[in-house]
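Colleague: Take this structure, written in C-alpha cells, and hold onto it; I'll ask about it next.
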Amino acid sequence: MAMLIATCVAFSPPATTAAISDLSNTAKITDLRVDYLDSPLGVEHAPRFTWRLHHAARGVALQSWRLRVSADDTFAATSLRWDSGPIGGATPPSAVYGGVGRPGAAPLESNTRYHWRVEGTLADGSTTTSTATFRTGLLKPGDWSPSAWITGGLE
C-alpha cells in the first residue's frame, strides 16, 4: 500500500514599499546574542554577534546594518572599540568582532563589560536600533595572578 504525503506551503508575497513605509515604526532588532548567548559573561575570544529583525509585515529585510562595540553605553568616539561600518542587508545578520588589527579599533580587554549596538536601515530609510552587553573573561595568563589557589594543604 503506497502512502501519499502532501506538503502544503503557504506563500506570502514580499511586502510592498507602501506597506513597509506604513509599518516602519514597528520594525525592531531583537534577539541580540553574543556567541549565541544573551549578555554572556566570560567571553574569551573574538565574539560572534547575531540578531533578528522583527517586523509586522512579511518579507521585510534590512537594507543595511552597522554594528558598534563600546566600553560604555554612550558609544562616544573615545569609548568606541569597533565599528563595522555600513554593511549591505543581503549579508546575514551576524558579525565577528573585528577590532584587532583595524585602524582606530582596539582589542578587547580582560574582565571588561562592553556594550554593543546594531543599527538597521529599512527600504524606506527609517532606522531601528538595539543595544546589549557582554563581559570578557580573563584573557591573559597574567590576569590570573596573584590568585590564592585552594590546595587543601598539600603543597
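Just so we're aligned, residue -2 is where the sequence shown starts under the working numbering, counting upward by one. Every residue gets a Cβ at the ideal spot worked out from N, C-alpha and C, and that includes glycine.
Less than 8 Å between C-beta atoms, sequence neighbours within five positions excluded: which residues of the same chain meet that for residue 49?
Modeller: Once the five neighbours on either side are set aside, the close Cβ partners of residue 49 are 26, 27, 28, 90.
Colleague: Please determine, among 42, 75, 24, 124, the residue with the shortest C-alpha to C-alpha distance to residue 53.
Modeller: Checked all of 42, 75, 24, 124; the closest Cα to residue 53 is 24.
Colleague: Just the C-alpha distance for residue 0 and residue 56, rounded to the nearest angstrom, thanks.
Modeller: Residue placement at residue 0 is flagged as unreliable, the pLDDT there being 40, under the threshold of 50; the coordinate-derived value follows with that caveat. So the alpha carbons of these two residues sit roughly 35 Å apart.
Colleague: Which residue wins for smallest C-alpha separation from residue 64, given the options 47, 140, 34, 121?
Modeller: Answer by Cα proximity: 47.
Colleague: Please return the same chain residues whose Cβ sits closer than 6 Å to the Cβ of residue 44, not counting the five positions on each side in sequence.
Modeller: Cβ within range, chain order: 31, 32, 94.
Colleague: Would you call residue 139 buried or exposed, if buried means 16 or more other Cβ atoms sit within 10 Å of its Cβ?
Modeller: With fewer than 16 Cβ atoms within 10 Å of its Cβ, residue 139 is classed as exposed.
Colleague: Check each candidate in 137, 126, 60 and name the one with the smallest Cα separation from residue 112.
Modeller: For the residues 137, 126, 60, the minimum Cα distance to residue 112 belongs to 126.
Colleague: Given a cut-off of 8 Å, decide if residue 67 and residue 84 are closer than it, judged by their beta-carbon atoms.
Modeller: Not in contact: residue 84 and residue 67 (Cβ atoms no closer than 8 Å).
Colleague: How many whole angstroms separate the CB atoms of residue 59 and residue 119, which I take to be in contact at a CB cut-off of 8 Å?
Modeller: Yes, residue 59 and residue 119 are in contact; Cβ-Cβ is about 7 Å, under 8 Å.
Colleague: Is it right to say residue 142 is buried, meaning 16 or more other beta carbons lie within 10 angstroms of its own, or is it exposed?
Modeller: Residue 142 should be labelled exposed.
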